Amino acid sequence: MLNTATDRNVTLYAIIAAFGGFVFGLDIVNLSGAIRFVSSQFELNEVQIGLVGSSAIIGVLIALLFTGPLCDWLGRRAVLLVIASLYSLSSIISATAISFEMLVFGRMIGGLAFASLTVSAMYIGEIAPKEKRGSFVGIQQLMIAIGTLVAFLVNYFLVQAMDTSSWLNNENIWRVMLGSELVANVIWVSALLIIPRSPRWLLKKGFVDEARDVLARTISSDEIETTVSEVKESLDEDGKNGLKEQIGILFSKRMVWVLAIAIVYAITQGASGMNAVNAFAPQVFEQVGMGLKDTFKQTIGIGLIGVIGAVLSIMFIEKIGRRLLTIGGLVLIVIAHGLSWYSFSTATYNLDEAAIVAIEEQGVDASKLSQFVGTVYDTDVALKADLSQVYDLKEIPLVSGTIINETITINATFVLIGIFLFLGAFFLTIGPIMWVVFSEIFANNVRAVAIPFVALIQSISAVAIQQLFPWQLKNMGAADIFFSYGLVALVGGVILFFILPETKGKSLEEIEDQLVKS
Numbered sequence: 001m002l003n004t005a006t007d008r009n010v011t012l013y014a015i016i017a018a019f020g021g022f023v024f025g026l027d028i029v030n031l032s033g034a035i036r037f038v039s040s041q042f043e044l045n046e047v048q049i050g051l052v053g054s055s056a057i058i059g060v061l062i063a064l065l066f067t068g069p070l071c072d073w074l075g076r077r078a079v080l081l082v083i084a085s086l087y088s089l090s091s092i093i094s095a096t097a098i099s100f101e102m103l104v105f106g107r108m109i110g111g112l113a114f115a116s117l118t119v120s121a122m123y124i125g126e127i128a129p130k131e132k133r134g135s136f137v138g139i140q141q142l143m144i145a146i147g148t149l150v151a152f153l154v155n156y157f158l159v160q161a162m163d164t165s166s167w168l169n170n171e172n173i174w175r176v177m178l179g180s181e182l183v184a185n186v187i188w189v190s191a192l193l194i195i196p197r198s199p200r201w202l203l204k205k206g207f208v209d210e211a212r213d214v215l216a217r218t219i220s221s222d223e224i225e226t227t228v229s230e231v232k233e234s235l236d237e238d239g240k241n242g243l244k245e246q247i248g249i250l251f252s253k254r255m256v257w258v259l260a261i262a263i264v265y266a267i268t269q270g271a272s273g274m275n276a277v278n279a280f281a282p283q284v285f286e287q288v289g290m291g292l293k294d295t296f297k298q299t300i301g302i303g304l305i306g307v308i309g310a311v312l313s314i315m316f317i318e319k320i321g322r323r324l325l326t327i328g329g330l331v332l333i334v335i336a337h338g339l340s341w342y343s344f345s346t347a348t349y350n351l352d353e354a355a356i357v358a359i360e361e362q363g364v365d366a367s368k369l370s371q372f373v374g375t376v377y378d379t380d381v382a383l384k385a386d387l388s389q390v391y392d393l394k395e396i397p398l399v400s401g402t403i404i405n406e407t408i409t410i411n412a413t414f415v416l417i418g419i420f421l422f423l424g425a426f427f428l429t430i431g432p433i434m435w436v437v438f439s440e441i442f443a444n445n446v447r448a449v450a451i452p453f454v455a456l457i458q459s460i461s462a463v464a465i466q467q468l469f470p471w472q473l474k475n476m477g478a479a480d481i482f483f484s485y486g487l488v489a490l491v492g493g494v495i496l497f498f499i500l501p502e503t504k505g506k507s508l509e510e511i512e513d514q515l516v517k518s
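Per my numbering, numbering of the sequence shown is gapless, rising by one per residue and ending at 518.
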């Protein structure tokens with residue numbers, strides 16, 4: 001068993017390494033609050049809105065090409081420091097952007113925060129004891145959840161303050177939202193200076209004494225020499241391979257099974273809808289028929305569910321295991337998206353005289369809608385098509401929510417249950433567990449290349465979902481969007497049911513022996 005001191009040390013190191021998750025959560029949610037104001041100010045179309053929303057993930061696609069080699073060369077801690085420093089620059093550029101292009105550039109640099117998730121999962125997996133590794137890696141998802149909750153709260157209170165503030169308005173509120181991240185970035189940079197380097201990286205580089213010193217702070221003393229021997233044996237057997245050799249091993253025949261598990265998990269997690277729901281949360285609730293302030297109020301529920309789900313995941317991952325939580329979570333996600341799909345597919349939108357009066361009372365110029373009075377729309381796509389004929393790109397982001405709110409007839413309860421069930425299942429299961437699985441299934445000699453590679457796969461699927469969401473919302477409608485997310489979860493769940501092994505309670509070297517050498 002671990003003693004109190006080592007427990008405290010590993011917890012502290014894991015929290016600091018995973019603080020990039022907090023920053024990532026802040027960033028993606030701050031953007032979700034800012035996006036309607038940004039799109040109004042810069043008069044963006046659906047493709048441009050999607051690009052703003054997904055540009056951070058595009059940035060990470062670039063960053064992940066270099067993350068693996070840098071982790072091997074500089075070490076995990078050093079790479080986290082570089083990422084944290086550059087992310088501070090991203091916050092400044094984003095908050096002071098004077099054009100759409102400048103904002104996209106700042107957001108792309110911000111993709112580095114997501115790259116930190118791969119590095120921190122790698123780092124935590126290498127310092128945590130095997131019997132608690134899943135819980136410690138799960139801290140990363142908890143930090144993301146806390147970051148999203150904090151950002152949802154800040155955004156809500158900022159929107160509320162616009163009614164009484166003499167300086168806060170539609171033109172600058174988004175700058176405050178994006179600029180607030182700088183405080184967290186400075187804290188992260190400072191905290192990273194106190195964590196040690198990864199013991200497995202130190203052993204790979206020949207710093208045996210320093211590795212023993214780190215292990216003495218993170219595992220019980222009677223396990224130090226055994227761990228050193230296991231890691232050195234693994235490294236000696238596989239050789240101290242360079243980048244080219246690591247890539248060759250990663251894509252060799254003996255790694256096919258491991259890669260299949262990781263790639264299916266990455267695509268399923270990335271394409272099941274979380275990034276779209278988080279990045280465009282107010283717009284999602286807007287489709288149910290909520291006004292501006294109500295949409296921001298509901299997003300606080302997203303943050304709370306995320307925190308609760310992440311805490312439960314940390315509590316149960318070592319008891320229930322990775323496999324059962326993954327399959328169970330995907331079943332719940334399919335049910336959740338099914339509820340949302342059914343509700344949106346049966347919704348109608350009635351633009352009658354009473355709706356026109358209610359829209360006017362909300363401060364929206366409804367005279368432009370006079371030609372459509374008496375129309376009942378079967379889909380949100382048809383309604384938005386008519387709205388786009390009479391409102392310009394500056395007006396649409398600010399008026400569409402009110403118009404939907406006053407015309408829609410929908411089973412909103414089913415939608416809310418579906419959205420919150422999806423969020424709870426994601427944060428409890430596939431959200432954190434994917435990183436745990438990634439940190440466990442790859443061998444020592446390829447981990448620095450393998451984790452960034454599969455994170456790249458996850459990012460590609462996530463960026464596709466996030467980039468397409470605004471266009472899909474206008475052209476496909478909310479029902480078809482949630483149907484597609486549910487289909488991804490269903491297919492991914494079936495495949496993982498047959499190929500995902502259980503890895504709880506095993507050392508990294510034991511897992512390597514089971515998956516790669518059997």
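Here a beta-carbon is modelled for each residue, glycine too, at the ideal position from N, C-alpha and C.
None of these values were measured; they are calculated from a predicted model.
In the structure shown, what three-state DSSP assignment does Ile249 receive?
Translated into the one-based positions of the sequence shown, residue 249 becomes position 249. Helix, per DSSP.
Inspect the CB distances between the segment 454-474 and the segment 42-55 and report whether three or more fall short of 8 Å.
Flag = yes, the segment 454-474 and the segment 42-55 touch.
Output needed for Asp72: all residues of its chain with C-beta closer than 6 Å, excluding positions within five of it in sequence on either side, in chain order.
Taking the first residue of the sequence shown as 1, we reach residue 72 at position 72. Excluding positions up to five away in sequence, the list reads Ala448.
Measuring only the C-alpha atoms, how far is Ala191 from Ile451?
Reading the sequence shown from its first residue, position 191 is the one you call residue 191. Reading the sequence shown from its first residue, position 451 is the one you call residue 451. Going by the C-alpha atoms only, they are around 24 Å apart.
Ala489 versus Leu149, Gln287, Thr268, Asp392, residue with shortest Cα-Cα distance
As a first step, residue 489 is located in the sequence shown; it is residue number 489 there, counting from the start. That would be Thr268, whose Cα lies nearest to the Cα of Ala489.
Run through the segment 111-158 for me and flag every whole alpha helix (DSSP H) of 4 or more residues, listed as ranges in chain order.
If only complete runs of 4 or more residues are kept, the segment 111-158 shows the alpha helix (DSSP H) at 112-127, in order along the chain.
Leu339 classed as buried or exposed, judged by whether at least 16 other C-beta atoms fall within 10 angstroms:
In the sequence shown, residue 339 corresponds to position 339, counting from 1. Buried, by the Cβ-count rule.
Please confirm whether Asn350 and Val331 have their CB atoms less than 8 Å apart.
Counted from its first residue, the sequence shown places residue 350 at position 350. Counted from its first residue, the sequence shown places residue 331 at position 331. Remark: C-beta atoms of Asn350 and Val331 do not approach each other more closely than 8 Å.
So, helix, strand or coil for Gly20, using DSSP?
The count along the sequence shown starts at 1 and reaches residue 20 at position 20. Three-state DSSP puts Gly20 in a helix.
Report the rounded CA-to-CA distance for Gly273 versus Lys253, giving the unit in angstroms.
The residue given as residue 273 occupies position 273 in the sequence shown. The residue given as residue 253 occupies position 253 in the sequence shown. Between Gly273 and Lys253, the C-alpha separation is close to 32 Å.
As a quick exercise: from Leu81, Phe296, Gln41, pick the residue whose alpha carbon is nearest that of Ser32.
Taking the first residue of the sequence shown as position 1, residue 32 is located at position 32. Comparing C-alpha distances from Ser32 to each of Leu81, Phe296, Gln41 shows the shortest one belongs to Phe296.
When the Cα of Met143 is compared with those of Ile16, Arg175, Val186, which residue comes out closest?
For the purposes of this step, residue 143 is identified with residue 143 of the sequence shown, where counting begins at 1. Comparing alpha carbon positions, the residue from Ile16, Arg175, Val186 closest to Met143 is Ile16.
Whole-angstrom C-beta distance between Val186 and Ile111, which should lie under 8 Å:
Your numbering for residue 111 matches position 111 in the sequence shown. Your numbering for residue 186 matches position 186 in the sequence shown. In the sequence as displayed, the identity of residue 111 is Gly instead of Ile. The distance from the Cβ of Gly111 to that of Val186 is about 19 Å, inconsistent with a contact at the 8 Å cut-off.
Looking at the structure shown, is Leu44 part of a helix, part of a strand, or coil, going by DSSP?
Counted from its first residue, the sequence shown places residue 44 at position 44. It is coil, neither helix nor strand.
Check the DSSP bridge columns for Tyr349 and list the partner residues they point to.
Within the sequence shown, residue 349 is the residue found at index 349, counting from 1. For Tyr349, the pairing in a beta bridge is given by DSSP as Tyr377, Ile408.
With distances taken between CB atoms, is the gap from Lys384 to Ser40 smaller than 8 Å?
Position 384 of the sequence shown holds residue 384. Position 40 of the sequence shown holds residue 40. Going by C-beta atoms, Lys384 is not nearer than 8 Å to Ser40.
Do Ser198 and Glu245 have their CB atoms nearer than 8 Å?
Sequence index remark: in the sequence shown, residue 198 carries index 198 (1-based). Sequence index remark: in the sequence shown, residue 245 carries index 245 (1-based). Pairing Ser198 with Glu245 gives a Cβ-Cβ distance that is not under 8 Å.
Among the candidates Gly21, Glu46, Trp174, whose CA atom is the shortest distance from the CA of Val38?
For the purposes of this step, residue 38 is identified with residue 38 of the sequence shown, where counting begins at 1. Nearest to Val38 by C-alpha distance, out of Gly21, Glu46, Trp174, is Trp174.
Looking at the structure shown, is Met177 part of a helix, part of a strand, or coil, going by DSSP?
Taking the first residue of the sequence shown as 1, we reach residue 177 at position 177. Of the three classes helix, strand and coil, the one that applies to Met177 here is helix, per DSSP.
Helix or strand or just coil, what does DSSP make of Ser439?
By one-based count along the sequence shown, residue 439 stands at place 439. In this structure, DSSP gives Ser439 a helical state, which the three-state scheme calls helix.
Just tell me which of Ser343, Asp392, Gly418 has its CA closest to the CA of Thr409.
Position 409 of the sequence shown, counting from 1, holds the residue named residue 409. The shortest Cα separation from Thr409 among Ser343, Asp392, Gly418 belongs to Ser343.
Starting from Ser94, trace the alpha helix (DSSP H) in both directions and tell me its first and last residue.
The residue you call residue 94 lines up with position 94 of the sequence shown. Where Ser94 is concerned, the enclosing alpha helix (DSSP H) stretches over 76-95.
From the DSSP output, in three-state form, read off Pro501 for me.
What you label residue 501 is simply residue 501 of the sequence shown in a count that begins at 1. If DSSP states are grouped into helix, strand and coil, Pro501 belongs with coil.
Asp213 lies in the alpha helix (DSSP H); which residues open and close that run?
For the purposes of this step, residue 213 is taken as residue 213 along the sequence shown, with counting starting at 1. Its alpha helix (DSSP H) spans residues 208-218.
Pick out whichever of Asp380, Ser345, Ser370, Ala347 has its Cα sitting closest to the Cα of Ala355.
Within the sequence shown, the letter at position 355 stands for residue 355. Comparing Cα-Cα distances from Ala355 to each of Asp380, Ser345, Ser370, Ala347, the minimum goes to Ser370.
Thinking C-alpha only, which one of Ile460, Ile403, Tyr485, Phe498 is nearest Val357?
Counted from its first residue, the sequence shown places residue 357 at position 357. The shortest CA-to-CA distance from Val357 to any of Ile460, Ile403, Tyr485, Phe498 is the one to Ile403.
Hey, could you find the ends of the alpha helix (DSSP H) Lys204 is sitting in?
Residue numbering aside, residue 204 sits at position 204 when the sequence shown is read from its first letter. Taken as a continuous stretch (DSSP letters only), the alpha helix (DSSP H) holding Lys204 covers 199-205.
Suppose you measure from the CA of Met1 to the CA of Ser507; what does that come to, to the nearest Å?
What you label residue 1 is simply residue 1 of the sequence shown in a count that begins at 1. What you label residue 507 is simply residue 507 of the sequence shown in a count that begins at 1. The predicted position of Met1 is uncertain, since its pLDDT is 41 and thus under 50; a value taken from the coordinates is nonetheless stated next. If you take the alpha carbons of Met1 and Ser507, they lie about 15 Å apart.
Using a Cβ-Cβ distance cut-off of 8 Å, determine whether Asp222 contacts chain C.
The chain labelled as chain C is not found in the depicted structure, where only one protein chain is given.
Could you tell me the boundaries of the alpha helix (DSSP H) in which Phe549 lies?
What the structure shows of the chain is the stretch from 1 to 518, and residue 549 is not part of that stretch, so it cannot be assessed.
Straight-line CA distance for Ile261 to Thr227?
By 1-based counting over the sequence shown, the position of residue 261 is 261. By 1-based counting over the sequence shown, the position of residue 227 is 227. Their Cα atoms are separated by approximately 26 Å.
So what does DSSP say about Asn30, is it helix, strand or coil?
Your numbering for residue 30 matches position 30 in the sequence shown. DSSP places Asn30 in helix when its eight states are reduced to three.
In the DSSP assignment, the alpha helix (DSSP H) including Ile263 goes from what residue to what residue?
One-based indexing of the sequence shown puts residue 263 at position 263. Segment 256-271, the alpha helix (DSSP H) holding Ile263.
Phe100 to Ser388, Cα distance in whole Å?
Numbered from its first residue, the sequence shown carries residue 100 at position 100. Numbered from its first residue, the sequence shown carries residue 388 at position 388. One C-alpha to the other measures close to 21 Å.
Does the separation of the CB atoms of Asn30 and Met177 fall below 8 Å?
By 1-based counting over the sequence shown, the position of residue 30 is 30. By 1-based counting over the sequence shown, the position of residue 177 is 177. In this structure, the beta-carbon distance from Asn30 to Met177 falls below 8 Å.
Please report how far the alpha carbon of Ala271 lies from the alpha carbon of Gly138, in whole angstroms.
Taking the first residue of the sequence shown as position 1, residue 271 is located at position 271. Taking the first residue of the sequence shown as position 1, residue 138 is located at position 138. Going by the C-alpha atoms only, they are around 20 Å apart.
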